Amino acid sequence: MSITQERKAELIKEYAIKDGDTGSPEVQIAIL
Numbered sequence: 001m002s003i004t005q006e007r008k009a010e011l012i013k014e015y016a017i018k019d020g021d022t023g024s025p026e027v028q029i030a031i032l
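Just so you know, the sequence shown maps onto residues 1 to 32 in our numbering.
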């Protein structure tokens, strides 16, 4: 199951620790 690019961007924005953060564990787990 995959998510849309829009949803992925929303999750990154919501869980990012700082701007542009896509590698933190919180972001990675949220995307899964």
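Don't be surprised by glycine CBs; every beta carbon is placed ideally from N, CA and C.
Keep in mind that this is a model prediction, so the values were computed, not measured.
- Please confirm whether I12 and I31 have their CB atoms less than 9 Å apart. Along the sequence shown, read from residue 1 onward, the residue named residue 12 stands at position 12. Along the sequence shown, read from residue 1 onward, the residue named residue 31 stands at position 31. Cβ atoms of I12 and I31: closer than 9 Å.
- Is the distance from the Cβ of D19 to the Cβ of V27 below 9 Å? On the sequence shown, position 19 is the one that residue 19 refers to. On the sequence shown, position 27 is the one that residue 27 refers to. Their beta carbons are not under 9 Å apart, which means D19 does not touch V27 by this criterion.
- Query: Which class does A16 belong to by DSSP, given the choice of helix, strand or coil?
  - Reply: Indexing the sequence shown from 1 puts residue 16 at position 16. Residue state, collapsed to three classes: coil.
- Message: According to DSSP, simplified to helix, strand and coil, what is L32?
- Response: One-based indexing of the sequence shown puts residue 32 at position 32. Residue state, collapsed to three classes: coil.
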